[in-house]
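Comments concern the structure below.
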Amino acid sequence: MKVQVRETKNPKTKPDPSKVPFGVAFTDHMFLMEYDDEKGWHDARIVPFDNIALSPAAVVFHYGAEVFEGLKAYRTPDGQVQMFRPDANISRMNDSAERLCLPQLNEEMVMTALKLFLSVEKEWVPDQYGTSLYIRPVLFATDEDLSLHGIHHATFMIIACVVGSYYKNGLQPVELLIEKDDVRAVRGGTGYAKCGGNYAAAARAGEKAEAKGYSQVLWVDGVERKYVEEGGGMNVMFVWDGKLVTPELNGSILPGVTRRSILTIAQDWGMKVEERKITVDELLEACKNGEVQEAFMCGTAAVVTPIGGFAWGEEKVVVNYNKIGEMTRKIYDTLTGIQWGIKKDPYNWTVKVD
Ligand code: COI
1 MKVQVRETKN
11 PKTKPDPSKV
21 PFGVAFTDHM
31 FLMEYDDEKG
41 WHDARIVPFD
51 NIALSPAAVV
61 FHYGAEVFEG
71 LKAYRTPDGQ
81 VQMFRPDANI
91 SRMNDSAERL
101 CLPQLNEEMV
111 MTALKLFLSV
121 EKEWVPDQYG
131 TSLYIRPVLF
141 ATDEDLSLHG
151 IHHATFMIIA
161 CVVGSYYKNG
171 LQPVELLIEK
181 DDVRAVRGGT
191 GYAKCGGNYA
201 AAARAGEKAE
211 AKGYSQVLWV
221 DGVERKYVEE
231 GGGMNVMFVW
241 DGKLVTPELN
251 GSILPGVTRR
261 SILTIAQDWG
271 MKVEERKITV
281 DELLEACKNG
291 EVQEAFMCGT
301 AAVVTPIGGF
311 AWGEEKVVVN
321 YNKIGEMTRK
331 IYDTLTGIQW
341 GIKKDPYNWT
351 VKVD
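Quick look at the structure:
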C-alpha cells in the first residue's frame, strides 16, 4: 500500500497526559483513505489533523452508516511503542462494517496504516504510568444520495488522542443505575457492532443516570428486559462465588477485546469462567447475600472500572463495601502490566511499532 505522508508545519504543544480529560487532546496528524466500487480503497495518506469536507448529502449524516474502533498504544519502560491487540480491533471493525453494509477493509492494509501512523506520531505516545495514546479508527459512508441503498463510497480515518484515566477518579468504584426504560440494542439489531448509532441511542439513559448521581447505566436485554447485558460503553463482569461470570454474547452485546482478554487471563489462572445469562433479580440477590464478591466493567478506554453498587428503581445494593476488590485489582494490574510492557506478554497480544 502506498501512503503519502504530509507532515504538519505547526506541531502542537503536547499536553500533560496525567491531566488531560479523555478524548480531547488530539495529535498532529490523521490517516485517511477513500473507497469506491471502481477503485477499491485508494488515496491513502497521512496529513495534518484538520477538519474534513463532506457533502451535506453524505449518507453518514442521514442514515448513520458509521463504525469505529478504540485501541491504545503504550510506551514501554525501554521507550518502545506498542499496541495492544490491534488485529482483534481490525477484525471486529470488519464484522461491524458487514452489519452496516460498509465496505470491508483489507486487514493487512489497516495494520500497515496503524503502524505508519504511529511511527509519525511516536512522540505523542506518553510515558507516564497510567497514560497512553487512544487510537480511534472510523469508517463511514460518503455516498451523496438520500435514497436508501447499499454503500458505494466510504472514507476510513484514523485519529488519536493522549489519554490518562477515563474516569477522573481513576480506579474508584462507580455506581450504576440499571436502566428500566430505554434499551441499547436487540438481538438481530446492531448491538454486537461498534457503530455510532448504538452510542447515540444510549445517550439519553446515560444522561438521566448521571443527573441522578450515577456514573452510568447497566443495560438489560431489549426483549424480556430482565437479563443483564453491558454497562454504558463497557462490558460487565462479576466475581461470583469465586468464579468470573459475565453475560454471554448473544448478538446484542459488544464482543469487547478487553472482555475477551480478561476471560483468557482468568482461565489461565485456573479460575472458573462462566459466560451465561444473568437476570437482574439474581444479580441483586447475589449482591445482597454476598455471593457476588466483586463487580467491574471493562473496555479499552477505561480498562477496568470497579462497580461499588447498583440501583434498580428504588432498590439499591452495594458490592464489596463499595471498594475495589482483590481480583479486580489483580486483573487490572495484569492487563495493564502487559499493555505497558511491565509484565511479560505470554499471549503475543502486543505489537511493537518501529
Ligand atoms: C472504548 O472503550 O474504546 C470505547 O469505544 C468506549 C467509549 C465509550 C469511549
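One point on numbering: in our numbering, the residue at position 287 of the sequence shown is 287, and numbering is uninterrupted.
Where is the CB? At the ideal position from N, CA and C, for every residue including glycine.
What are the boundary residues of the beta strand (DSSP E) that includes residue i?
i, result
"Lys72", "Leu71 to Arg75"
"Thr8", "Where Thr8 is concerned, there is no enclosing beta strand (DSSP E), given that its DSSP letter is neither H nor E."
"Glu144", "Looking at the DSSP string, Glu144 is not in any beta strand (DSSP E), and its letter there is neither H nor E."
"Ser280", "Inspection of the sequence shows that residue 280 is occupied by Val rather than by Ser. Where Val280 is concerned, there is no enclosing beta strand (DSSP E), although the alpha helix (DSSP H) it sits in stretches over Val280 to Lys288."
Going by DSSP, name the residue or residues bridged to residue i.
i, result
"Thr350", "Phe84"
"His62", "In DSSP, His62 forms no bridge with anything."
"Gly189", "None, per the DSSP bridge assignment."
"Gln293", "Paired residue(s): none; Gln293 is not in a bridge."
"Cys195", "Val67"
"His29", "Pro48"
"Ile158", "Phe31 and Pro137"
"Ile307", "Val174"
"Glu315", "Trp312"
"Thr246", "Glu275"
"Ser20", "It is Val, not Ser, that sits at residue 20 in the sequence shown. Its beta-bridge partners do not exist; DSSP assigns none."
"Tyr321", "Its beta-bridge partners do not exist; DSSP assigns none."
"Val236", "Met297"
"Asp36", "Gly40 and His153"
"Gln4", "Arg45"
"Val163", "Ser132"
Using only the alpha-carbon positions, how far apart do residue i and residue j sit?
i, j, result
"Leu335", "Ser55", "42 Å"
"Val223", "Arg184", "11 Å"
"His29", "Asp37", "27 Å"
"Leu114", "Ala200", "27 Å"
"Leu176", "Ala88", "28 Å"
"Gln104", "Lys316", "45 Å"
"Val81", "Glu285", "45 Å"
"Lys202", "Ser215", "Residue identity differs from the one stated: residue 202 is Ala in this sequence, not Lys. Roughly 14 Å separates the two Cα atoms."
"Lys343", "Ser18", "22 Å"
"Glu207", "Arg276", "29 Å"
"Thr264", "Ala53", "43 Å"
"Gln16", "Val174", "In the sequence as presented, Gln is not what sits at residue 16; that position holds Asp. Between Asp16 and Val174, the C-alpha separation is close to 25 Å."
"Glu98", "Phe140", "12 Å"
"Asn94", "Val228", "26 Å"
"Lys14", "Tyr74", "16 Å"
"Phe117", "Met111", "10 Å"
"Lys288", "Tyr332", "25 Å"
"Lys226", "Arg85", "33 Å"
"Lys39", "Ile307", "49 Å"
"Leu100", "Val319", "38 Å"
"Ala211", "Val217", "11 Å"
"Lys352", "Val239", "33 Å"
"Ser91", "Glu107", "7 Å"
"Val257", "Trp269", "19 Å"
"Phe310", "Gly290", "14 Å"
"Asp241", "Ala266", "14 Å"
"Val186", "Thr279", "16 Å"
"Lys330", "Gly191", "29 Å"
"Gly188", "Lys12", "44 Å"
"Val273", "Gly325", "17 Å"
"Ile178", "Asp354", "45 Å"
"Thr76", "Glu121", "16 Å"
"Gly251", "Pro21", "32 Å"
"Glu294", "Ser119", "40 Å"
Take residue i as the anchor and find which of the options has the nearest alpha-carbon.
i, options, result
"Arg136", "Trp340, Gly150, Ile159 and Leu146", "Ile159"
"His42", "Phe49, Pro48 and Leu32", "Leu32"
"Gly299", "Phe117, Pro11 and Gly70", "Gly70"
"Glu123", "Val163, Met157 and Thr27", "Thr27"
"Asp127", "Val186, Phe61, Gly341 and Tyr321", "Gly341"
"Val47", "Met109, Trp219, Lys9 and Tyr192", "Lys9"
"Leu133", "Cys161, Thr142 and Lys323", "Cys161"
"Phe61", "Asp145, Gly23 and Phe22", "Asp145"
"Glu282", "Ala302, Val245 and Arg260", "Val245"
"Glu248", "Val5, Gly242 and Val236", "Val236"
"Tyr347", "Leu102, Val20 and Ser261", "Ser261"
"Ala44", "Asp221, Met83, Pro21 and Met1", "Met1"
"Ala356", "Ser147, Thr76 and Arg6", "As shown, the chain starts at 1 and ends at 354. That puts residue 356 outside it, with no answer to give."
"Ala302", "Lys243, Thr76 and Gly23", "Gly23"
"Thr131", "Val292, Gln339 and Leu102", "Gln339"
"Tyr129", "Asp345, Thr350, Gly337 and Trp349", "Gly337"
Could you tell me the boundaries of the alpha helix (DSSP H) in which residue i lies?
i, result
"Arg184", "It is not in any alpha helix (DSSP H) - Arg184 carries neither H nor E in the DSSP assignment."
"Gly231", "From DSSP, Gly231 is part of no alpha helix (DSSP H) but of the beta strand (DSSP E) over Val228 to Gly231."
"Val217", "It is not in any alpha helix (DSSP H) - Val217 instead sits in the beta strand (DSSP E) that spans Gln216 to Val220."
"Asp333", "Glu326 to Gln339"
"Leu116", "Glu107 to Val120"
"Asp268", "Val257 to Asp268"
(request) Inspect the CB distances between the segment 59-76 and the segment 131-151 and report whether three or more fall short of 8 Å. (result) Cβ pair count under 8 Å is three or more, so yes.
(message) Tell me whether the segment 217-232 and the segment 161-168 touch, counting them as touching only if at least three CB pairs, one residue from each stretch, are closer than 8 Å.
(response) Under the 8 Å Cβ criterion, the segment 217-232 does not count as touching the segment 161-168, having fewer than three qualifying pairs.
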